[in-house]
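Protein chains in written order, with the working numbering: chain E, 21 to 160; chain V, 787 to 921; chain S, 11 to 104; chain C, 4 to 538; chain W, 92 to 366; chain D, 467 to 553.
Virtual Cβ for every residue (Gly too), placed ideally from N, Cα, C.
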Amino acid sequence: MTLLDIVLIVIGEIMIGIGALADLIAAIGMNRFPNFYLRLHAATIGTIWGAFLPLVGAAFVAAGCKCLGEYRWFMAGGALITAFIILILGPAGSHALARGTHRSGIVPVEPKVVDHLEEDESMPTSQETREIGEEEGGSP
Amino acid sequence: MITLSEYFMTILITCMIVNLGLALYGVFFKPNLIKKIIALTILGDTANTFALIIGYRMWVAGVPSRPPVFTEWRSNNPLLLFVFTKTAVDPLPQALVLTAIVIGLAVTLFLVFLTLQAWKIYRSVDMRDIRRLKG
Amino acid sequence: MTGMTEIQMFILAILPIYVAAFILYTFRALRGPSISDMVLAIDAMSYDLAAFLVILAIYFKQPILIPVAIALALWIYSLDIYVSKYLEGKELGE
Amino acid sequence: MAWNIPELITGAVVPLLAVFAFTLPLLAKVFGEKKFPGIWALIASVVAAVMSTYIFTVVWGTGKDIVYGFGGWPPPIGISYEVDPFNAVIAVFTAWVMVLITIYSLWYNRHFDEPEWYYILLIGLEAGMLGCLYTGDAFNLFVMIEVLGISAYALVAYHKNRGEAIEAAIKYGIIGATATTLYFIGLVIIYGVYGTLNMGQLSLLNTEIYYQRPDLIASIGVATLLAVSLALWVFTYKSALFPNHFWLPDAHPEAPTPVSAALSGLVVNIGVYAVARFMYTIFGPASTIAPYYRDAVLTALFIMGFAGAFIGAIMMRAQKDLKRLLAYSTVSHTGLLYMALAIGMSGVPQAAVALGLAAMTYHVLTHGLGKALLFMSSGVFIDSAETRDLDGLAGVGRKYPLVSASFIIGFLSLMGLLPLGGFFSKLMLYQAFMDAGMLIPALAVIVVSAISVLGYAKAMYSVVFATPTREHRVIRLHGIHYMLALMAVGLILLGVLYPWISQGLVHVANSSLIGPGVREYQEAFVRAFHALLGR
Amino acid sequence: MKHWIGICILILTILAISFVVAANINVLVPSTNVRTLAEIYLKYTYYPWDKYFTAMSPEACTSIVWDFRGLDTVFETMVFYLAIIGAIALARGVPLKLPREIKGELGLSLIVKTVTKIVPVLIIAVAGSIALHGHLTPGGGFQGGATAAVAPVLILVVFSQFYLLKRGVNKNSMLLLRSIGLTGIGITAFAAVLIGLATGHYAFVLQNQPKPLAPDISLPAFVGGQLISGSLWFFNFFEFLAVAAGFTIVFLLITLPEKLAEAKEEKHVAEGGEK
Amino acid sequence: MSYGEAFLLGITALAAIFSTIATYMAIMERDLLKAVIFSAIQSTIYAFIYYMLMAPDIDLVYIPVAVGLYPAVIIALIKKTTREEKP
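1) Below 8 Å on the Cβ atoms is my contact criterion, and I expect alanine 265 of chain C with isoleucine 104 of chain C to pass it. Report the Cβ-Cβ distance as a whole number of Å.
2) Rounded C-beta distance between glycine 413 of chain C and leucine 480 of chain C? I'm assuming under 8 Å.
3) Closer than 8 Å, CB to CB, is tyrosine 194 of chain C near chain V or not?
4) Mark leucine 103 of chain W as exposed unless 16 or more other C-beta atoms lie within 10 angstroms of its C-beta, in which case mark it buried.
5) Please classify leucine 446 of chain C as buried or exposed, where buried requires at least 16 neighbouring CB atoms within 10 angstroms.
6) With 16 as the cutoff for other CB atoms within 10 Å, does glutamate 389 of chain C come out buried or exposed?
7) Whole angstroms are fine: how far does the CA of leucine 106 of chain W sit from the CA of serine 94 of chain S?
8) So aspartate 116 of chain C contacts chain W; which residues on that side make the cut at Cβ distance below 8 Å?
9) Enumerate in chain order the residues of its own chain whose CB-to-CB distance from phenylalanine 59 of chain C is below 6 Å, with the five nearest sequence positions on each side excluded.
10) What does a CB cutoff of less than 7 Å around glycine 13 of chain S pick up in its chain, not counting 5 residues either side in sequence?
11) When the Cα atoms are used, what is the spatial distance from serine 407 of chain C to serine 381 of chain C?
12) Listing by chain order, which chain D residues have their CB less than 8 Å from the CB of serine 851 of chain V?
13) Mind pulling the chain W residues with CB within less than 7 Å of leucine 993 of chain V?
14) What residues in its chain sit with their C-beta under 7 Å from that of threonine 339 of chain W, if we drop five residues either side in the sequence?
15) Since tyrosine 490 of chain D meets chain W, which of its residues come closer than 8 Å, beta carbon to beta carbon?
16) Using 10 angstroms around the beta-carbon of leucine 489 of chain C, count the other beta-carbons present and answer buried if the total reaches 16, otherwise exposed.
17) Could you tell me which residues DSSP puts in a beta bridge with phenylalanine 313 of chain W?
18) Would DSSP call valine 125 of chain W helix, strand or coil?
19) Given 8 Å as the limit, is there contact between the segment 81 to 89 of chain S and the segment 21 to 31 of chain C, that is, 3 or more CB pairs closer than that?
20) State yes or no: is the beta carbon of threonine 149 of chain E nearer than 8 Å to at least one beta carbon in chain S?
21) Can you give me the start and stop residues for the alpha helix (DSSP H) that valine 546 of chain C sits inside?
22) For glutamate 139 of chain E and chain S, any beta-carbon pair shorter than 8 Å?
23) Could you pull out every residue in the same chain whose Cβ sits closer than 8 Å to the Cβ of threonine 36 of chain S, ignoring the five residues on either side in sequence?
24) Could you work out which residue in C:His248, C:Ser335, C:Gly520 is closest to valine 451 of chain C when comparing CA atoms only?
25) Select from W:Val165, W:Ala218, W:Ala129 the residue whose C-alpha is nearest the C-alpha of alanine 381 of chain W.
26) To the nearest angstrom, report how far apart serine 55 of chain C and aspartate 87 of chain C are at their CA atoms.
27) Rounded to the nearest angstrom, what separates phenylalanine 73 of chain C and lysine 100 of chain S at their Cα positions?
28) Whole angstroms is fine: what's the gap from glutamate 117 of chain C's alpha carbon to alanine 904 of chain V's?
29) Tell me, which residues are paired with threonine 543 of chain C by DSSP?
30) Would you mind reading off the limits of the alpha helix (DSSP H) that contains glycine 14 of chain C?
31) Could you check whether leucine 516 of chain C and threonine 284 of chain C sit closer than 8 Å to each other, using their CB atoms as the reference points?
32) Looking at alanine 234 of chain C and tyrosine 186 of chain C, is the spacing between their C-beta atoms short of 8 Å?
33) Cutting at 8 Å between CB atoms, please list the residues of its own chain near cysteine 85 of chain E, excluding the five before and the five after it.
34) If you count every other CB in all the chains shown that lies within 10 Å of the CB of glycine 66 of chain C, and 16 or more means buried, which is it?
35) From alanine 83 of chain S to alanine 71 of chain E, what distance separates their C-alpha atoms?
36) List the residues of chain V whose Cβ lies closer than 8 Å to the Cβ of aspartate 497 of chain D, in chain order.
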């Protein structure tokens, strides 16, 4: 086990540890925050710090740990791909969910200070009927 | 006397039996078709879990049991194959479950389309409203 | 083969924190007053679960368990999308 | 290595049907979408029929079971098909009736707007039935039941704009899916207890445990009873035994007519076959389950069969709908089949058991052919009168003399009139019960037949002999009436050739289901194991 | 909250029953040994020392699924196929085509659309890797196909169905792709027999490696030094095509925007189908 | 008997208990959309159980099917039909 391996493993373990703590904090926040839009914040903590970081850490550990056998690069690569997927898709999913929730209005924005989105959307916008085929579809 | 592992395993099995009962209740006594379909998926999943429990293998001498994939095949070492044979879980129930999941999926998909068609005709998905036949 | 490495011991020590987080997430997912809350909790829980599965794969010394995490991370996103599309009042294909 | 043609054909027949179904959309794109699918389905069914006939002649001629290990693996490791005379004869019957049904479907084609889906599902139905019959592996049986089931659900719902058809398919499908899932749990228990899924090995293990490890019988017996009762539920569900018959009178009338014929005449037999295989070959009289539970299971089957036969016969009287009347007749006849099946309790002499099982097989043949004939010819009448109501159908048979004659012959056969097949199968059943010393069941056969006469007479009278109340349009038959007449001739032949057929069927029962037959089943498994192992 | 009371009672019952059961009956719990049959599978799944008795695939599950018990899987595929055919038969007459014009915007917000433009390539790559390495690592045709189906599903939900239809992903093309995949499965199942017929040697249906009774025919286990395990690779590839196409068909049918098709459909019902 | 095995099986048993709760809620809930989400929770937990039972193959099938596909088709179905279950 070379020095590089040990350094990789230690960095990876630190990242995994931070991830675990962030996860716990996010979970507590998820239960304590009063409404959906605040919980979004906790969910982001859980996704980025609690999932992305430990996955990168796991990739480091896998890269440094010889005991995992010949498939360890497969594992490191897989962990990085998972981390990348979560980094891209997690926020996008939260965004889509928040947008849908706000539009449908099923969740009251109860302890509210300001809701810019509502003000924006209440302004008159021109939603014209447009010919399909410009961007999204086209005649068969 | 039982070990802690066996106690946890028994909890797992008991939970699955309870799930089975709940799912059967849902299939038979809930009149709503969508609810019946949901219960049916849970029923199939629970049956699959039973199969996997049957095929599980407890840890041998502190070594975690491993999935039935022989990763060290490149080495061509019979000793490693022997170790693999002594620690891997049973692959047959997994293959059976694979088949069963796909079959359950197929049946569920078909039932979903049937339910949609029933909605188009009866404007209801409740079995108490869908009652034109005498039975 | 017997005897644990340091990494395994570290992982065993860190597991309870994850498990506690999962229990809290599950409570929110089961209790959540609105559907959005439930989906958000499942979301966060599943992404963390993906990380947890990778860590467990290190514990088991089985690198081939990784694809499960990838599949989980990919499909959970689609659950978000379905629900948000439903909430926007559109058909799924519209 | 030398070619082993019979084994290869045994293995090829059902996968070949799957290939026929798989390639149909591709070829329909190439060759046109209106006529081609039907012809392709006809080719598929004829190929299957010829192959199954060949298999039957080989099994009958050599007197040894054929075992085919797929992929060259010896049986418990791989899947194997195991053909003994019992399933060979039912398979031949099924395949040839499917040919007739496919021909009828070609005539019926004008009711289908996109026929390729229909024919794919029809091929799937045939593949499912033949697979259920030939397979020697309990899990493969589960898969084939699902193939059979899903094509049956889809075919029942084929006229998708009729609310009744959708309702019937939903009823059939949801409970059917539950039942098959429970069968899967039963299989898991069987695998957990015995460690194998091959039917031959299960049978062997059963008898061996019985002789060598008497201390294990109690615990294994309980687990096996659980597994068997879960398994029997799905089989009795598929064959509409009494408490599970609720879907049949809804589903059969609503399906397209050729499908009704297939469901009533053939699919019902698959469940009966599977129960016979489980109760006689796998968990037979010499097995673990025997001393404790086998009698109880058989008695329960007998009681349910009796109730079904009775209720079906009575309900037939009250029906106004022709296809629904025929469906209740199926319930009644399934009850009779299960009564015959339940004869093998402990204490009954082996000759009587053989006679009873032969009577069951005979009744499977006569009932299947007769019911298929009745559904198909009633399809002609229903098309002509454009209603299924018996009053609306009054006198429509006069326009089609040949079809009416076949129709009447079919009814007389089911009723049990003298020169026809139905009479002799019931006679054989009666004799078997008398030989077994079961007086009440023997009387029950007669009573049930007598009650059902009322229903049959009503249907026959209103369709053929009543005076027409209104004009019916005449539809072109395109020679389909010759096929129906041929089936009627087949029914007469089944009756006239009674001495030979009954001898043959007793031989079938002896050489597959009891005593020496079960041993042959086990030995065939062992032979195949050693042969395929090659060492 | 009567639900919570019920749940508490449920959990307490489970714990109590488990304790009683675990203390008395020990047969439910799996042991440290597996059954004989399972040991045979585990041992011979990759066993290059005996070429007549091995599947030559280190993945025991895939080798059971496609080699030892291949017949089950062929017919499992057929069940899925028949279910999709049944669904298509139920949805016949429903138009799957583009409307003239639509009101409002289609799909979700721009952020999600941008993200969704990036990921499909990644998804297809991962799915292909899962499917084509199915004989080496966990995965296989069905797994890979199901993963690959995420891509069309995401596009379908995030943009709209018309986005897919415009690019040629419609019912007919997917059905064709599916039929090609299934035909491939059928041909692979009969490959050994066909080669045997051509060369005059005996072979089994669904045969992969040489067998004692058919020693002359086999599919290659190694190609160019890479392990492909004979027929398993082909099965995985064709199943991958078939399953991905099948899932896409199902999604196209179930997510059809009904309002746009409503008018025509109701006319169809009113005409009353068949008598 | 090792500490690791008991610990991991304990987590699995805990997951099983939560899956029972989710199943109960899914069956008893009147709002069908919520029932689907409960069933998605149950599916996620089952996927975890399968992972702990060393079945990666099953997981790779189960996650797309039960987490991705069932909710999709059932949500589409609910959107096309009705969301409330009649009492």
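Short version:
1) On the fourth sequence, position 262 is the one that residue 265 of chain C refers to. On the fourth sequence, position 101 is the one that residue 104 of chain C refers to. With a Cβ gap of about 5 Å, alanine 265 of chain C and isoleucine 104 of chain C count as contacting.
2) Position 410 of the fourth sequence, counted from the first residue, corresponds to residue 413 of chain C. Position 477 of the fourth sequence, counted from the first residue, corresponds to residue 480 of chain C. Distance from glycine 413 of chain C to leucine 480 of chain C at the Cβ level is roughly 17 Å; contact not present, criterion being Cβ atoms closer than 8 Å.
3) Taking the first residue of the fourth sequence as 1, we reach residue 194 of chain C at position 191. Answer yes: the Cβ-Cβ gap between tyrosine 194 of chain C and chain V drops below 8 Å somewhere.
4) Looking up residue 103 of chain W in the fifth sequence gives position 12. Exposed, by the Cβ-count rule.
5) Here residue 446 of chain C is taken as the residue at index 443 of the fourth sequence, counted from 1. When all chains shown are included, leucine 446 of chain C counts as exposed.
6) Position 386 of the fourth sequence, counting from 1, holds the residue named residue 389 of chain C. That one is exposed.
7) Looking up residue 94 of chain S in the third sequence gives position 84. Looking up residue 106 of chain W in the fifth sequence gives position 15. Per the coordinates, the alpha-carbon of serine 94 of chain S lies some 38 Å from the alpha-carbon of leucine 106 of chain W.
8) For the purposes of this step, residue 116 of chain C is taken as the residue at position 113 of the fourth sequence. Correct list: Arg183, Gly184.
9) Looking up residue 59 of chain C in the fourth sequence gives position 56. Taken in chain order, the residues that qualify are Ala91, Val95.
10) Along the third sequence, read from residue 1 onward, the residue named residue 13 of chain S stands at position 3. Reliability of the predicted coordinates at glycine 13 of chain S is poor, the pLDDT of 48 falling under 50, and the value obtained from them is presented with this limitation in mind. Excluding sequence neighbours, glycine 13 of chain S sits near nothing in its chain.
11) Taking the fourth sequence and counting its residues from 1, one reaches residue 407 of chain C at position 404. Taking the fourth sequence and counting its residues from 1, one reaches residue 381 of chain C at position 378. Distance between the alpha carbons of serine 407 of chain C and serine 381 of chain C is about 9 Å.
12) For the purposes of this step, residue 851 of chain V is taken as residue 65 along the second sequence, with counting starting at 1. Near serine 851 of chain V (Cβ distances below 8 Å), the residues of chain D are Met520.
13) Only positions 787 to 921 of chain V appear in this structure, which leaves residue 993 of chain V out of reach.
14) Residue 339 of chain W sits at position 248 when you count from the first residue of the fifth sequence. Excluding positions up to five away in sequence, the list reads Ala240, Pro243, Val260, Met265.
15) Here residue 490 of chain D is taken as the residue at index 24 of the sixth sequence, counted from 1. Within chain W, the residues near tyrosine 490 of chain D are His94, Gly97, Ile98, Leu101.
16) Here residue 489 of chain C refers to the residue found at position 486 when the fourth sequence is read from its first residue. Leucine 489 of chain C comes out exposed.
17) Locating residue 313 of chain W in the fifth sequence gives position 222, counting from the first residue. Phenylalanine 313 of chain W is bridged to W:Leu318.
18) The sequence position of residue 125 of chain W within the fifth sequence is 34, counting from 1. Residue state for valine 125 of chain W is assigned as coil, using DSSP reduced to three classes.
19) No contact exists between the segment 81 to 89 of chain S and the segment 21 to 31 of chain C.
20) As a position in the first sequence, residue 149 of chain E is number 129, starting the count at 1. Because threonine 149 of chain E sits at a pLDDT of 44, beneath the cut-off of 50, its placement in the model cannot be relied upon, and the point is left open.
21) There is simply no residue 546 of chain C to check, as chain C begins at 4 and stops at 538 in what is shown.
22) Stepping through the first sequence from its first residue, residue 139 of chain E is reached at position 119. So, not an interface residue.
23) Locating residue 36 of chain S in the third sequence gives position 26, where the first residue counts as 1. Ala51, Met55, listed in sequence order.
24) In the fourth sequence, residue 451 of chain C corresponds to position 448, counting from 1. Selected option, being the one with the closest Cα: C:Ser335.
25) Given that chain W is displayed from residue 92 to residue 366, the structure contains no residue 381 of chain W and the question cannot be resolved.
26) Residue numbering aside, residue 55 of chain C sits at position 52 when the fourth sequence is read from its first letter. Residue numbering aside, residue 87 of chain C sits at position 84 when the fourth sequence is read from its first letter. Approximately 12 Å between the Cα atoms of the pair.
27) Locating residue 73 of chain C in the fourth sequence gives position 70, where the first residue counts as 1. Locating residue 100 of chain S in the third sequence gives position 90, where the first residue counts as 1. For the pair phenylalanine 73 of chain C and lysine 100 of chain S, the Cα-to-Cα distance works out to about 50 Å.
28) Counting from 1 along the fourth sequence, the entry for residue 117 of chain C is found at position 114. Counting from 1 along the second sequence, the entry for residue 904 of chain V is found at position 118. Approximately 20 Å between the Cα atoms of the pair.
29) Residue numbering for chain C in the displayed model covers 4 to 538; residue 543 of chain C lies beyond these limits and cannot be assessed.
30) The residue labelled residue 14 of chain C in the question sits at position 11 within the fourth sequence. Element bounds for glycine 14 of chain C: 8 to 34.
31) As a working note, residue 284 of chain C is residue 281 in the fourth sequence. As a working note, residue 516 of chain C is residue 513 in the fourth sequence. At the C-beta level, threonine 284 of chain C and leucine 516 of chain C come within 8 Å of one another.
32) Numbered from 1 along the fourth sequence, position 183 holds the residue referred to as residue 186 of chain C. Numbered from 1 along the fourth sequence, position 231 holds the residue referred to as residue 234 of chain C. Yes, Cβ-Cβ distance for tyrosine 186 of chain C and alanine 234 of chain C is below 8 Å.
33) Along the first sequence, one-based indexing puts residue 85 of chain E at 65. Excluding positions up to five away in sequence, the list reads Asp25, Ile29, Arg92.
34) In the fourth sequence, the residue the question calls residue 66 of chain C occupies position 63. Glycine 66 of chain C comes out exposed.
35) For the purposes of this step, residue 83 of chain S is taken as residue 73 along the third sequence, with counting starting at 1. For the purposes of this step, residue 71 of chain E is taken as residue 51 along the first sequence, with counting starting at 1. Here the C-alpha atom of alanine 83 of chain S lies approximately 10 Å from the C-alpha atom of alanine 71 of chain E.
36) In the sixth sequence, residue 497 of chain D corresponds to position 31, counting from 1. Ordered by position in chain V, no residue passes the 8 Å Cβ test against aspartate 497 of chain D, which lies about 11 Å from the chain.
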